[in-house]
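K.L.:
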Amino acid sequence: MKRLIAGTSIISALSFAVLAASQAHAQDTPTETSATGSEIIGEIGGSAQCKPRPLRDYAEKMVGGDVTTAELWPGIVALGAQTETGSHAYYNCGGVLLNARTVLTAAHCLNGSEQDPNTRAWSAVSNDGAKWPMIVISNSDDLANDDPEVAARVIDGEVISEPDGRAYRVDPDARQFNDIALLKLDRDLPGPYARLSGSLDADPAIEGHLLWAAGFGKTEEHGKAFSWFSSRRGEFRTSAPAQVLSDAILQFKPRNQCAQSIDPSISDTMHICAGWDEGGHDSCQGDSGGPLTVLDGDGCPVVVGLTSFGIGCGQPGKYGVYTRVSQYRDWIEARVSDAKFVTAAPPAAGQEAFKRMVDAVLDAGAGSQNQLSFQMTQNDRPVDGDLKAGTSYELQVRSAFEGNLMVVDQNESGFYDLVYPYFEYDDAAIGPDKSVAIPLYAQINQAGALRESGDLTFVVLPKSVNIREVFLAPAKTGTKSLRPKPADSGQQLSDEFKRISTLLDLETSNGDDQIASSAFGYTIVR
Ligand code: ARG
Numbered sequence: 093m094k095r096l097i098a099g100t101s102i103i104s105a106l107s108f109a110v111l112a113a114s115q116a117h118a119q120d121t122p123t124e125t126s127a128t129g130s131e132i133i134g135e136i137g138g139s140a141q142c143k144p145r146p147l148r149d150y151a152e153k154m155v156g157g158d159v160t161t162a163e164l165w166p167g168i169v170a171l172g173a174q175t176e177t178g179s180h181a182y183y184n185c186g187g188v189l190l191n192a193r194t195v196l197t198a199a200h201c202l203n204g205s206e207q208d209p210n211t212r213a214w215s216a217v218s219n220d221g222a223k224w225p226m227i228v229i230s231n232s233d234d235l236a237n238d239d240p241e242v243a244a245r246v247i248d249g250e251v252i253s254e255p256d257g258r259a260y261r262v263d264p265d266a267r268q269f270n271d272i273a274l275l276k277l278d279r280d281l282p283g284p285y286a287r288l289s290g291s292l293d294a295d296p297a298i299e300g301h302l303l304w305a306a307g308f309g310k311t312e313e314h315g316k317a318f319s320w321f322s323s324r325r326g327e328f329r330t331s332a333p334a335q336v337l338s339d340a341i342l343q344f345k346p347r348n349q350c351a352q353s354i355d356p357s358i359s360d361t362m363h364i365c366a367g368w369d370e371g372g373h374d375s376c377q378g379d380s381g382g383p384l385t386v387l388d389g390d391g392c393p394v395v396v397g398l399t400s401f402g403i404g405c406g407q408p409g410k411y412g413v414y415t416r417v418s419q420y421r422d423w424i425e426a427r428v429s430d431a432k433f434v435t436a437a438p439p440a441a442g443q444e445a446f447k448r449m450v451d452a453v454l455d456a457g458a459g460s461q462n463q464l465s466f467q468m469t470q471n472d473r474p475v476d477g478d479l480k481a482g483t484s485y486e487l488q489v490r491s492a493f494e495g496n497l498m499v500v501d502q503n504e505s506g507f508y509d510l511v512y513p514y515f516e517y518d519d520a521a522i523g524p525d526k527s528v529a530i531p532l533y534a535q536i537n538q539a540g541a542l543r544e545s546g547d548l549t550f551v552v553l554p555k556s557v558n559i560r561e562v563f564l565a566p567a568k569t570g571t572k573s574l575r576p577k578p579a580d581s582g583q584q585l586s587d588e589f590k591r592i593s594t595l596l597d598l599e600t601s602n603g604d605d606q607i608a609s610s611a612f613g614y615t616i617v618r
């Protein structure tokens, strides 16, 4: 489906980039919609099922972060040590579980610990020389659940050290190189397990690509490295910088910018940087070894980095530095044959966020379909059934209340494109006195395909939501692409999501905040 320039019948040169369709799902009558993130994830047919990240998470800023839930962080672990009897424990690092018995973490998390040459078990050595066995707890978001019966002991482990000279190094000024380690556990820990980026292709590459980091680290730069709280070990028997798991939204920062701001020695062969020019959102002490993730096309996390080092926490322009996991794939695979690697490129910056926003908006608008109506016409005559490839149509949309119209085309691959407003002159305003007519051109994008289906979704948003600003502003550079120009789009999307999610939380109770949605499933035939 293509947008036509109003009043013409030529195919728009400014076409949407539409991914090749793979399988058809015939659906040619108007349907009610209440597509949720999870349904769409199921529909896209991704192998990795996960819980969709809630909309508000795009708006929240560990330092400048927000508490989160373990289900959004498959395989998350806290790494620490406990007394021999299990009476007390502390956690000072993160990591991810790769299978029932293996944790991936940062090598520097083993500083101050030692491996028993006979048993091979790791222990942290405390100030008074006492040895505390190292432990992990997994898939938990609250260390009040810390339980000596559940924590797994680290019975073996390996810091990277390769014949090619890649050995873990820490500089006196705390820069880290090859900051990666694998730990073996004494018991099976249940999944889910984390998936890792297995190639540079699967890593973020464009500045501004949205990333998330999580951990039990400090939530303020000058926060306490340890605070004691109650757990299943007893009253004030567990300690960590933070009792509950937090995550932060970050932007990918390319090597050159990161090297300039943090350290010239930063390289793409071992590091990946993430943070904000304006600061405020960051990982911090205690988050080390924990995951930095992209979301894949299904909205499921893929670990691209392990928290390694930074300058302070959350300072403007001081990006966090993470170990680039994809570059250690061979080393990991040689030791963990069932580790799961992802090699497909993540969706373009903003695309995933856009999908989530649309899904959330649809959720909020579900049930109010009767407020919206639409009709596909050809030469002013109503069209029912299949659309003919190579034909121009006009879609008329009416709304019983005033707001801004947004129309999204979801193609067979689950890719979302904004259909309206799209051109500079597209006026999103709609209401009882103002219907909107959208010229469309039916075309089959996949070479050789005989038919193509998709869904056009209509949403009327409150007037205060400026769809154009969120989705079109970055395109002023000329591409008109929905994939926003990354530089400022992360912040922009983040700000707008915050506003929209606040509106959605109002439950659309008064007229001004009304939201409605409806969808039209189309099939184009040759
Ligand atoms: N080295 C720290 C740790 O051991 C992680 C610091 C990350 N700092 C940052 N500003 N992102 O937990």
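For what it's worth, this note's numbering labels the leading residue of the sequence shown as 93, then goes sequentially.
The beta carbon of each residue, even a glycine, is placed where N, CA and C say it ideally should be.
If you're wondering where the values come from, they're calculated on a predicted model, not measured in any experiment.
Taking the continuous alpha helix (DSSP H) assigned at I530, which residues delimit it?
P.N.:
As a working note, residue 530 is residue 438 in the sequence shown. Not the alpha helix (DSSP H): I530 falls in the beta strand (DSSP E), residues V528 to A534.
K.L.:
According to DSSP, simplified to helix, strand and coil, what is Y420?
P.N.:
Position 328 of the sequence shown, counting from 1, holds the residue named residue 420. In the structure shown, Y420 sits in a helix (DSSP, three-state: H, G or I).
K.L.:
Classify P240 as buried or exposed, calling it buried when 16 or more other Cβ atoms lie within 10 Å of its own Cβ.
P.N.:
Here residue 240 is taken as the residue at index 148 of the sequence shown, counted from 1. In the assembly as shown, P240 is a buried residue. Its beta-carbon has 16 or more other beta-carbons within 10 Å.
K.L.:
Taking Cβ to Cβ, would you say G309 is nearer than 9 Å to D233?
P.N.:
The residue you call residue 309 lines up with position 217 of the sequence shown. The residue you call residue 233 lines up with position 141 of the sequence shown. Not a contact, by the Cβ cut-off of 9 Å.
K.L.:
In whole angstroms, give me the CA-to-CA distance for A608 and D547.
P.N.:
Counted from its first residue, the sequence shown places residue 608 at position 516. Counted from its first residue, the sequence shown places residue 547 at position 455. So the alpha carbons of these two residues sit roughly 16 Å apart.
K.L.:
Between C405 and the ligand ARG, is there a pair consisting of the residue's CB and a ligand heavy atom that are separated by less than 8 Å?
P.N.:
Here residue 405 refers to the residue found at position 313 of the sequence shown. Result yes, Cβ under 8 Å from the ligand ARG.
K.L.:
Any idea what DSSP makes of A305, helix, strand or coil?
P.N.:
Looking up residue 305 in the sequence shown gives position 213. Three-state result, A305: strand.
K.L.:
Hey, L303 and I341: beta-carbon distance below 9 Å or not?
P.N.:
As a working mapping, residue 303 is identified with position 211 in the sequence shown. As a working mapping, residue 341 is identified with position 249 in the sequence shown. Contact: yes.
K.L.:
Using only the heavy atoms of the ligand FAD, determine whether one of them is closer than 8 Å to the beta carbon of D360.
P.N.:
Of the ligands this structure carries, namely the ligand ARG, none is the ligand FAD.
K.L.:
Check each residue's C-beta against every heavy atom of the ligand ARG and list, in chain order, those closer than 6 Å.
P.N.:
G309, D374, S375, C376, Q377, G378, D379, S380, T399, F401, G402, C405 and G412
K.L.:
Report back the beta-carbon spacing between Q174 and W224 to the nearest angstrom; my notes put them in contact at under 8 Å.
P.N.:
Along the sequence shown, read from residue 1 onward, the residue named residue 174 stands at position 82. Along the sequence shown, read from residue 1 onward, the residue named residue 224 stands at position 132. The Cβ separation is near 6 Å, so the contact holds.
K.L.:
So what's E163 in DSSP terms, helix, strand or just coil?
P.N.:
Residue numbering aside, residue 163 sits at position 71 when the sequence shown is read from its first letter. Correct three-state label for E163: helix.
K.L.:
For T361 and V159, what's the separation of their Cα atoms in angstroms?
P.N.:
On the sequence shown, residue 361 is found 269 positions in, with the first residue counted as 1. On the sequence shown, residue 159 is found 67 positions in, with the first residue counted as 1. One C-alpha to the other measures close to 32 Å.
K.L.:
Could you say if the region 529 to 542 and the region 485 to 493 meet the contact criterion of at least three C-beta pairs nearer than 8 Å?
P.N.:
Touching, yes.
K.L.:
Are three or more beta carbon pairs between the region 310 to 326 and the region 163 to 181 nearer than 8 Å?
P.N.:
yes
K.L.:
Are the beta-carbon atoms belonging to G402 and V413 less than 9 Å from one another?
P.N.:
Locating residue 402 in the sequence shown gives position 310, counting from the first residue. Locating residue 413 in the sequence shown gives position 321, counting from the first residue. Yes, these two residues count as a Cβ contact at 9 Å.
K.L.:
Any idea which residues DSSP pairs L274 with across the strands?
P.N.:
Your numbering for residue 274 matches position 182 in the sequence shown. Paired residue(s): L196 and E250.
K.L.:
Could you compute how far the alpha carbon of P474 sits from the alpha carbon of D519?
P.N.:
Along the sequence shown, one-based indexing puts residue 474 at 382. Along the sequence shown, one-based indexing puts residue 519 at 427. A direct Cα-to-Cα measurement between P474 and D519 gives close to 23 Å.
K.L.:
Quick check on DSSP: helix, strand or coil for E202?
P.N.:
Working through the sequence shown from its first residue, we reach residue 202 at position 110. This sequence places Leu at residue 202; Glu is not what is there. If DSSP states are grouped into helix, strand and coil, L202 belongs with the helices.
K.L.:
Between the alpha carbons of S215 and L277, how many angstroms are there, rounded?
P.N.:
In the sequence shown, residue 215 corresponds to position 123, counting from 1. In the sequence shown, residue 277 corresponds to position 185, counting from 1. Distance between the alpha carbons of S215 and L277 is about 13 Å.
K.L.:
Please state if the CB of P438 and the CB of W165 are separated by a distance shorter than 9 Å.
P.N.:
Working through the sequence shown from its first residue, we reach residue 165 at position 73. Working through the sequence shown from its first residue, we reach residue 438 at position 346. For W165 and P438, no; Cβs fall outside 9 Å.
K.L.:
Verify the CB distance criterion: does F550 have a CB-CB separation below 9 Å to chain D?
P.N.:
Given the protein chain composition of this structure (a single chain), no chain D is represented.
K.L.:
Is it buried or exposed for Q352, if we count other Cβ within 10 angstroms and need 16 for buried?
P.N.:
Stepping through the sequence shown from its first residue, residue 352 is reached at position 260. Exposed is the call here.
K.L.:
Secondary structure at S126, three-state DSSP: helix, strand or coil?
P.N.:
What you label residue 126 is simply residue 34 of the sequence shown in a count that begins at 1. Here S126 scores only 29 on pLDDT, less than 50, and its place in the model should not be relied on; the value that follows carries that caveat. Three-state DSSP puts S126 in coil, outside helix and strand.
K.L.:
Terminal residues of the continuous beta strand (DSSP E) containing S400?
P.N.:
For this step, residue 400 is matched to residue 308 along the sequence shown. Annotation: the continuous beta strand (DSSP E) that includes S400 extends over P393 to F401.
K.L.:
Output yes or no for whether 9 Å exceeds the beta carbon distance between P282 and N219.
P.N.:
By one-based count along the sequence shown, residue 282 stands at place 190. By one-based count along the sequence shown, residue 219 stands at place 127. Result no, Cβ atoms of P282 and N219 do not sit closer than 9 Å.
K.L.:
Does E313 come out as helix, strand or coil in the three-state DSSP assignment?
P.N.:
Position 221 of the sequence shown holds residue 313. In the structure shown, E313 falls within a coil segment according to DSSP collapsed to helix, strand and coil.
K.L.:
Measure the C-alpha to C-alpha separation of G477 and E312 and round it to an integer number of angstroms.
P.N.:
As a position in the sequence shown, residue 477 is number 385, starting the count at 1. As a position in the sequence shown, residue 312 is number 220, starting the count at 1. The straight-line gap from Cα to Cα measures roughly 58 Å.
K.L.:
To which residues of the same chain is G490 closer than 6 Å at the C-beta, ignoring the five residues directly before and after it?
P.N.:
Taking the first residue of the sequence shown as 1, we reach residue 490 at position 398. Contrary to the premise, residue 490 reads as Arg rather than Gly in this sequence. Excluding sequence neighbours, R490 sits near S465 and S527.
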